[in-house]
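Following: one structure in structure tokens, then a few remarks.
Chains as they are written, first to last, in our numbering: chain A, 1 to 382; chain B, 383 to 764.
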């Protein structure tokens, strides 16, 4: 079948790539950050607020939506886009990542047997079931059902996961029936370069519209993540989008972009936002800190988001987060998602201008400066 | 001092009144519903969403803001309007209503000694302190510090509360210093008509820009509330706004309007909204009910709010509320606040058209119909 999405490379700078993913629901400039709408809502934001901060493609979680309201309900209601009123491109994961973090798993070649967290009902998640659920949900991009080993895991366990991932990918391809969804394969291999290479070879054997690097964001840390991405990204075809799953922090994100990753997703901006951790180009900080009690500035004086331009002060937002007011979660999530989009846009512009390496080190110099608070205050002349 | 607000009666229909309250921050058509921004935020809504649903004047709670972030912080940040970015008129209560519901109170003529819920620190709330806090907060309308007896309470206890309410009102008037805030007196008297009359006489002895009926919404129920309002409202001057505190449900609200009340506040629209209880002119219902699982309609097909016009289905909102997603609280709160504004606007229009009694019974016939769900489904031809 003809792929419902395609990738156009616009410009390379080293290995870093600026491009576009064309979808049936519009074009997505890459590299792109995808906010996570776990249960068909990016926590704390309306779809209009999401569009307003510059989101172009949104992720939702198969595991959570299978649990509630159920994929049959979503299908009956017209699919995920209609259900959550997001007209742009969407991506669903396979459900595997969440399932592999559950206790009392039984993994066989057939699939993964587990008990749903809150309901206790037993489910056997298979490649076929994951495809069926994702077809019911109806996202534009769907992910293959893979085995994601924990970290750390033995070479043997990772090799077994590789074998199943390859086996299951074949079954995913067989099982799917919709031609309007793009299926991405996922490369596993843990922290072992030769197993990454073997998995990449197995997965790219299939002509798919995109490929992902999975098995990361499982506790391996920045250094190992860096070497995995550095080693694995070049093994993926240049004419397809490359998606690094579940990453992450700004420092991780830029390393991934450097090595040619095009798509990333993470709950960090919203999860951190709800507890008052604020991302800025001058570093991240906790707005709940005592020293913001009487702070009249917006979260980030250089940000163009609603929260920062409307006049909400750090003092007010500190109060809202401290008292667990909903509006605090909304304002901080909105700002943080906007920060990630600004970061990706800035990275893209740097690639197009052939200055990604300089941008990367300039960003880190600003972002990781240890004296952020003082510098910031000084800069404002207070 | 000249009152910073004034009331203009536009039209009477029986005792029901349509008018305007002129404030330094704009004109408020009455009768008016005031949403409650307990901690300087109407829960779940941005100030722009609040304005968009038609709110004209917002209440905030002195007790909660004294606790956190503290009135000194609010003052330092430019006052409550600037702090929460609400440019329209605001009203703060005296702190008394919350305090009287706390355990281990010691009430004397001096004031009320209590321990702050979460911090445990001892506070002696006096008329003078209430005025000082409300001046720091800076609302347009501030409330006298009164003694609100519980329900039920003995005639003797209510008489004592009356005496203190009168004593404290004199001290509030003495203590205040700002000329740009309108101080309202509060009538107590419990469920005893002669004590209501005595309190009304005591309070209206002072020439104040507005008067409130307090000591309600303490568990007395619709019948007693009705007789209190029927008896007390006519004792208040016709050329001043009358404010019934903490009311309430649509059926209570309309009785109050019928008897000449101009202002009401209540947390019901937002509190009920967060748990998925939805107000419509055809009655209230719980969107979490099983029968909305596959319901494609908006919360209220006749509503003009964002939630109802943007395309969010009951099915989706049911899912959001069931999974405690923030967006569910926002969407339902927004709808419910809009419902209350529509109800008050419709009541006002009926008064102006000399058909309030007819409107009142038409509304109740629709709102209290026991077969709402079936009727509703039928009406939609499903």
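Think of the CB as a built atom: it goes at the ideal place given N, C-alpha and C, for glycine as much as any other residue. All values derive from a computational prediction rather than experimental measurement.
Item to check | Straight-line gap, residue 110(A) to residue 128(A) (C-alpha atoms, nearest Å) | outcome: 10 Å
Checklist entry - If we ignore side chains and look at the alpha-carbon of each, how far apart do residue 59(A) and residue 135(A) end up? => result 15 Å
Checklist entry - Comparing the C-beta of residue 699(B) with each C-beta of chain A, is any distance below 8 Å? => result no
Next on the checklist: According to DSSP, simplified to helix, strand and coil, what is residue 92(A)?
Outcome noted: strand
Next on the checklist: Just checking: is the beta-carbon of residue 692(B) within a distance shorter than 8 Å of some beta-carbon in chain A?
Outcome noted: yes
Next on the checklist: Residues in the same chain with beta-carbon distance under 6 Å from residue 731(B), minus the five sequence neighbours each way, listed in chain order, please.
Outcome noted: none
Checklist entry - Can the beta-carbon of residue 243(A) be found less than 8 Å from the beta-carbon of residue 212(A)? => result yes
Checklist entry - Over what stretch of residues does the alpha helix (DSSP H) that includes residue 136(A) continue unbroken? => result 127 to 137
Item to check | Under 8 Å by beta carbon: chain B residues contacting residue 327(A) | outcome: 423, 425, 426, 427 and 428
Checklist entry - For residue 661(B), which three-state DSSP category applies? => result strand
Checklist entry - Where does residue 392(B) sit, in a helix, a strand or coil, going by DSSP? => result strand
Checklist entry - Which same chain residues, not among the five before or five after residue 376(A), have their C-beta less than 7 Å away from its C-beta? => result Low confidence applies here, because residue 376(A) scores a pLDDT of 48, under 50, leaving its location unreliable and the question unanswered by this model.
Checklist entry - Within 8 Å (strictly less), CB to CB, does residue 451(B) reach chain A? => result yes
Item to check | Cβ neighbours of residue 294(A) in the same chain (closer than 7 Å, five flanking residues each side left out) | outcome: 315
Checklist entry - Cα-Cα, which of 63(A), 338(A) and 158(A) is closest to residue 123(A)? => result 63(A)
Checklist entry - Do the CB positions of residue 620(B) and residue 746(B) come within less than 8 Å of each other? => result no
Next on the checklist: On the DSSP bridge list, what partners appear for residue 184(A)?
Outcome noted: 143(A) and 210(A)
Item to check | residue 408(B) (DSSP reduced to helix, strand or coil) | outcome: strand
Checklist entry - So which residues on chain A does residue 676(B) lean against when the C-beta distance must stay under 8 Å? => result 73, 76 and 77
Checklist entry - Taking Cβ-Cβ distances shorter than 7 Å, what residues in chain A pair up with residue 695(B)? => result 77
Checklist entry - Which residue or residues does DSSP assign as beta-bridge partners of residue 497(B)? => result 504(B)
Next on the checklist: According to DSSP, simplified to helix, strand and coil, what is residue 722(B)?
Outcome noted: helix
Next on the checklist: By the 9 Å beta-carbon criterion, what residues does the segment 459 to 483 of chain B contribute toward chain A?
Outcome noted: 459, 460, 464, 465, 466 and 467
Checklist entry - With a Cβ-Cβ cutoff of 8 Å, do residue 407(B) and residue 469(B) count as a contact? => result yes
Next on the checklist: Check whether the segment 350 to 363 of chain A and the segment 677 to 695 of chain B are in contact - that is, three or more C-beta pairs closer than 8 Å.
Outcome noted: no
Checklist entry - What does residue 320(A) touch in chain B if you count any residue whose Cβ is under 7 Å from its own? => result 423
Item to check | Integer-rounded CB distance, given that residue 599(B) should sit under 8 Å from residue 628(B) | outcome: 4 Å
Next on the checklist: Checking 8 Å against the spacing of the C-beta atoms, do residue 413(B) and residue 719(B) come in under that value?
Outcome noted: no
Next on the checklist: Measuring only the C-alpha atoms, how far is residue 70(A) from residue 162(A)?
Outcome noted: 29 Å
Checklist entry - Would you say residue 323(A) reaches chain B, if we count a Cβ-Cβ gap shorter than 8 Å as a contact? => result yes
Checklist entry - If you run the structure through DSSP and keep just helix, strand and coil, what is residue 310(A)? => result coil
Checklist entry - At a cut of 8 Å, does the segment 570 to 579 of chain B reach the segment 603 to 614 of chain B through at least three beta carbon pairs? => result yes
Checklist entry - Helix, strand or coil for residue 465(B) per DSSP? => result helix
Checklist entry - Could you check where the beta strand (DSSP E) with residue 677(B) kicks off and where it finishes? => result Run containing residue 677(B): none; DSSP gives neither H nor E here.
Next on the checklist: Buried or exposed for residue 563(B), going by 16 or more other Cβ atoms inside 10 Å?
Outcome noted: buried
Checklist entry - Are any of the Cβ atoms in chain B nearer than 8 Å to that of residue 273(A)? => result no
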